[in-house]
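The opening residue of the sequence shown carries number 1 in UniProt numbering; numbering runs sequentially from there.
Take a look at the structure below.
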Amino acid sequence: MRDGADEDYVEYVKAKIPALRRLAYVLAGDPHRADDLVQQTITTLFVKWRRAQTADNLDAYVRTMLVRTFLDEKRRAWSRVRLFRDTPEPPPYEEGGAEDREVVRAALGQVPRRQRAVLVLRFFYDLPVEEVAGALGCSAGTVKSQTARGLATLRRLLGAPEAALKEEPTIA
1 MRDGADEDYV EYVKAKIPAL RRLAYVLAGD PHRADDLVQQ TITTLFVKWR
51 RAQTADNLDA YVRTMLVRTF LDEKRRAWSR VRLFRDTPEP PPYEEGGAED
101 REVVRAALGQ VPRRQRAVLV LRFFYDLPVE EVAGALGCSA GTVKSQTARG
151 LATLRRLLGA PEAALKEEPT IA
């Protein structure tokens, strides 16, 4: 790297780590996997820093890198390694704000990865369809269909009646 580029990279990463970690956590649903996703993303960013700096929107460029890292993670052999034969039982559902968020996060964790990425970018980050399509490298129509399928999956997992969930949810 040229003189000063290392400092620019370090400043950028220091400023963006919290936002990257939040996105990774919402996608992965696990703080340890989120840290791994962020680490892999910022490592790749370091390698591509010169090109990344020329991006029109550096934040969108890095967010796209993180989402694609998340989507590609399932293709790697180590992602199939499990420490438990059966997954642990989810915590019991109780009425309340924090518990509701945990229930939605648990359900979101069961939504297929691409649909989960679309839902997180559309509703958690409130990005328009076109920007999500650019981040995922697909058409706007694909984003719309993945959104519809993802919402239907969430409705089914949450056991909500169709009429109650016709509006777009807010994922926190």
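All C-beta atoms, glycine included, are put in the ideal place defined by N, C-alpha and C.
List the whole-angstrom C-beta distance separating residue i from residue j, where the pair is believed to meet the contact cut-off of C-beta under 8 Å.
{"i": "residue 113", "j": "residue 146", "result": "So it is not a contact: roughly 10 Å between Cβ atoms."}
{"i": "residue 23", "j": "residue 66", "result": "6 Å"}
{"i": "residue 33", "j": "residue 5", "result": "30 Å between Cβ atoms; not a contact."}
{"i": "residue 154", "j": "residue 111", "result": "6 Å"}
Evaluate residue i with the Cβ neighbour count: other Cβ atoms within 10 Å of its Cβ, from every protein chain shown; 16 or more gives buried, anything less gives exposed.
{"i": "residue 133", "result": "buried"}
{"i": "residue 131", "result": "buried"}
{"i": "residue 159", "result": "exposed"}
{"i": "residue 17", "result": "exposed"}
{"i": "residue 156", "result": "exposed"}
{"i": "residue 98", "result": "exposed"}
{"i": "residue 78", "result": "Bear in mind that a pLDDT of 49 at residue 78, under 50, signals an unreliable position, so the number given afterwards is only what the model happens to contain. The residue in question, residue 78, is exposed, as its Cβ has fewer than 16 Cβ neighbours within 10 Å."}
{"i": "residue 137", "result": "exposed"}
{"i": "residue 55", "result": "exposed"}
{"i": "residue 141", "result": "exposed"}
{"i": "residue 117", "result": "buried"}
{"i": "residue 180", "result": "Coverage of the chain is limited to positions 1 through 172, which leaves residue 180 absent and any answer about it impossible."}
{"i": "residue 107", "result": "buried"}
From the beta carbon of residue i, is the nearest beta carbon of chain B less than 9 Å away?
{"i": "residue 98", "result": "Absence of chain B from the displayed structure is noted, only one protein chain being present."}
Relative to the C-alpha of residue i, which candidate in the options has its C-alpha closest?
{"i": "residue 144", "options": "157, 123, 24 and 155", "result": "123"}
{"i": "residue 121", "options": "110, 111, 135 and 109", "result": "135"}
{"i": "residue 37", "options": "150, 129, 53 and 64", "result": "64"}
{"i": "residue 13", "options": "27, 110 and 52", "result": "52"}
{"i": "residue 125", "options": "31, 47 and 20", "result": "20"}
{"i": "residue 128", "options": "10, 69, 60 and 101", "result": "60"}
{"i": "residue 69", "options": "55, 45 and 41", "result": "41"}
{"i": "residue 10", "options": "119, 28 and 47", "result": "47"}
{"i": "residue 101", "options": "29, 62, 57 and 149", "result": "29"}
{"i": "residue 180", "options": "105, 119 and 57", "result": "Residue coverage of the chain in this structure runs from 1 to 172, which leaves residue 180 outside it and unanswerable."}
Quick check: does the Cβ of residue i come within less than 8 Å of any heavy atom belonging to the ligand COA?
{"i": "residue 14", "result": "Ligands in the displayed structure: none, and consequently the ligand COA is not present."}
- Report the residue ranges of all alpha helix (DSSP H) runs contained in full by the segment 134–161; include only those spanning at least 4 residues, in chain order. 140–158
- Query: Curious, which full-length alpha helix (DSSP H) runs of at least 4 residues does the segment 25–51 contain?
  - Reply: 31–47
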